[in-house]
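Novice: All residue numbers for the sequence shown refer to the numbering used here, where the first residue is -11 and numbers rise by one. For each residue, glycine too, the CB sits at the ideal point set by N, CA and C. A quick note: this is a predicted structure, and the numbers were derived from the prediction, not measured. My questions will all concern the structure given below.
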Amino acid sequence: MDASRLKKNRVAVIGCGIFGTEIAIALSQSGFSVSIIESKSQILGGATGNNLNRLHIGFHYPRDLETAKQAYQCYEEFRKKYSSCVSTDFLNSYFIANEGSLTSPQHFFEFCRELGAPYEIINSTEFPLQIIGADKGIICEESVYDFESMRNLIYERFKENQMQLIIGNRVDRLSKVDNSYILELSNSEILNADVVINTTYADINRLTIQCGFELDEMQYEYTVIPIIEAEIPRVGVTIMDGPFTSILPRGSSGEFLLYHVDHSVLAREVGCQVNANWLSPETGPFFSVNKQEYFLKMIELCSKFIPALKSAKVCGYLEGPRIVQSKKESTDARPSVVKFSNDNSYISILSGKVDSSIWVARNIRDRLLGESS
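Take a look at the structure:
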C-alpha cells in the first residue's frame, strides 16, 4: 500500500537518533509525508553515540532471555544494512567473574546454548590479553559500530528520501485538536501532523504527558564512559555478571571505550520524567566531578580484571542520560518497547538496543499501513 492515499499521511518524528532516523526513512519510503525534528545541533547526538557502541547478539543478558533473543534476531539485519559502519575485526569475549557474579559459568553456558548464537568456550589463559579473577568464558562474533560513519551514511540516506529535517529545534509543546497534532517548536515554528512518533528517549514522557497519555515510571541513569588509549590488543572484554567492567574498541579507531557497571553510573532517579538538568553536560552530574579522580578510580576498579589498563590514558568522555524499565534489576531486562495510542496516532519508543531499530521501524510502518507486522 502507498501511504500517500491514506487520510492520516502527515507524520512527525521527534528525535533523530538511530530509532528516529530508521522510522522516518521507512515511512518516507512508504509514501508518508515525514518531518523529523531534533533538538540537538546534529543527528545521532544523543544516546546512539553515548554508549559502548556495541551491537548485541544477546550474550550480555543471561538473566533475561527475551532481551537476548530480541538482540540476536535483530543483529544480522542491522549488521548487513550498516556494514560500512560496523567493525568485526576484533576478538570479542565474555568472562564470568570467579566471585560475585549473579550468573555461574554453568548457567551462562546453558543460556548460550538456549540463545542459539554461535560461540566458543575458552579459558582466560587462552585469551591474548591477561584476564584475572574470571577464569571461564566465551568468544563470539559481536561487533561495534563506528558512530561518525553511521551519521554520515544516514545523512546520505536522508538526501535520497523526501522528508523535512529540522535540526536544532526542540518541540516545546505538543497538543491535539480534533484529529490533528500541533507541534510548537523552540523557534516559534508550528507544525501539524496526523501522527506523532516520539523517539526522544530520556525526554520521552515530557511530551507524552502533554497529550494526556498515561506515563510509565522509569529508572533514569546518568552514565559516563571514558574514551581511552591503551597498549592492548584490539579485543572486546565483558566481565559478567555483576558490578564489573567492559572494554570495547571505539568503532574503527584505535581507541577503546571503558565501562564499569557501578562507577559509570553517576546518578540514578526513579520517576516519570527525566531530571531536566541531565539533558545538558553543562548542568549534568558529571560537570562538577573531579575528572582526574574519577578516571583513577575507574582504572583501579577495571584493572582488577584487566591489569594492562593500569597504564591507560584518557582521551575524553561520553556522557548522558539513559532510561531502563524500573524494578528490573533481578533480570536486567532491556527490550525495545513500542506503545501505540488507541487510534495509532501517538507512538512512543522505549529504545532498547541499537540493533532493534530496523525491526521497530518496520513494526510501526506496517501498523500505520494497516498491515500485520
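1) Which value, in whole angstroms, describes the spacing of the CA atoms of G34 and G5?
2) Within the segment 150 to 194, note down every full beta strand (DSSP E) run reaching 3 residues or more, in order along the chain.
3) Within 10 angstroms of the Cβ of V165, are there 16 or more other Cβ atoms? Answer buried if so, exposed if not.
4) Answer yes if the segment 50 to 60 comes into contact with the segment 144 to 155, meaning at least three C-beta pairs across the two stretches below 8 Å, and no otherwise.
5) For T36, which residues of its own chain have a beta-carbon under 6 Å away from its beta-carbon, when the five flanking residues on both sides are left out?
6) To the nearest angstrom, how far is it from the Cα of D182 to the Cα of I11?
7) If you check the beta carbons only, do E257 and Y208 fall under 8 Å apart?
8) Using 8 Å for Cβ pairs, my map puts G46 next to A105. What's the rounded Cβ distance?
9) Report the rounded CA-to-CA distance for M228 versus F78, giving the unit in angstroms.
10) Can you grab the Cα-Cα spacing for the pair L357 / D331, in whole Å?
11) For D191, count neighbouring C-beta atoms within 10 Å of its own C-beta (all shown protein chains included) and say buried if the count is 16 or more, exposed if not.
12) How many Å lie between R310 and T188 at the Cα?
13) Restricting to Cα atoms, I'd like to know which of F274, S276, G304 is closest to E217.
14) Opposite Q207 in the DSSP bridges: which residues?
15) Beta carbon of D160, beta carbon of E177: below 8 Å?
16) Can you tell me whether T233 is buried or exposed? The criterion is at least 16 other CB atoms within 10 Å of its CB, across all chains shown.
17) State the DSSP-derived secondary structure class of T76, mapped to helix, strand or coil.
18) With a threshold of 16 other CB atoms inside 10 Å of the CB of D250, please say whether the residue is buried or exposed.
19) Quick one: Cα of S345 to Cα of N186, how far?
20) Which word fits V(-1), buried or exposed, when buried means at least 16 other C-beta atoms lie within 10 angstroms of its C-beta?
21) Between which two residues does the alpha helix (DSSP H) harbouring N(-3) extend?
22) Quick one: what's got a C-beta closer than 7 Å to T319's C-beta in the same chain, skipping five residues either side?
23) What residue range is occupied by the uninterrupted beta strand (DSSP E) comprising G224?
24) Comparing alpha-carbon positions, which option in Y247, V277, P295, D354 lies nearest L40?
25) So S329 packs on F201, CB below 8 Å; how close in whole Å?
26) Tell me, which residues are paired with F83 by DSSP?
27) Rounded to the nearest angstrom, how far is the Cβ of E307 from that of F283, given a contact under 8 Å?
28) Counting C-beta neighbours from all protein chains within 10 Å, is the total for T226 16 or more, i.e. buried, or is it exposed?
29) Can you tell me whether E114 is helix, strand or coil according to DSSP?
30) What are the partner residues of F244, as DSSP defines its beta bridges?
31) Taking its Cβ as the centre, do 16 or more other Cβ atoms sit within 10 Å of L117, making it buried, or is it exposed?
32) Taking the alpha-carbon positions, what's the N167 to F146 distance?
33) For D134, which of V326, G8, S163, Y70 has the nearest alpha-carbon?
34) What residues match up with V253 in a beta bridge as DSSP calls it?
35) Our contact map puts N265 next to G272 with C-beta atoms below 8 Å; I'd like the distance itself, whole angstroms only.
Specialist: According to the structure data:
1) 7 Å
2) 152 to 155, 159 to 165, 168 to 173, 178 to 181, 183 to 186
3) exposed
4) no
5) G5, I6
6) Here the alpha carbons of I11 and D182 stand approximately 16 Å from one another.
7) Yes, the Cβ-Cβ distance between E257 and Y208 is below 8 Å.
8) 6 Å
9) 19 Å
10) 13 Å
11) buried
12) 11 Å
13) Of the candidates F274, S276, G304, the one whose C-alpha sits nearest the C-alpha of E217 is G304.
14) Assignment of beta-bridge partners to Q207 by DSSP yields V258, V312.
15) No, they are not a contact pair.
16) buried
17) coil
18) Here D250 is exposed. Its C-beta has fewer than 16 other C-beta atoms within 10 Å.
19) 14 Å
20) Counting the other CB atoms within 10 Å of its CB gives V(-1) a total of 16 or more, which places it among the buried residues.
21) Here N(-3) belongs to no alpha helix (DSSP H), and DSSP marks it neither H nor E.
22) The pLDDT assigned to T319 is 47, lower than 50, so where the model puts this residue is not dependable; a value taken from the coordinates is nonetheless given after this. Only R51, D52 meet the Cβ criterion.
23) 223 to 228
24) Y247
25) Yes, they are in contact, since the Cβ atoms of S329 and F201 sit about 7 Å apart, within 8 Å.
26) G125, I227
27) The beta carbons of E307 and F283 sit about 13 Å from each other, so the pair does not count as a contact at 8 Å.
28) buried
29) Residue state, collapsed to three classes: helix.
30) I216, P237
31) buried
32) 28 Å
33) Selection V326, G8, S163, Y70 evaluated against D134 yields Y70 as nearest (Cα-Cα).
34) T211
35) 6 Å
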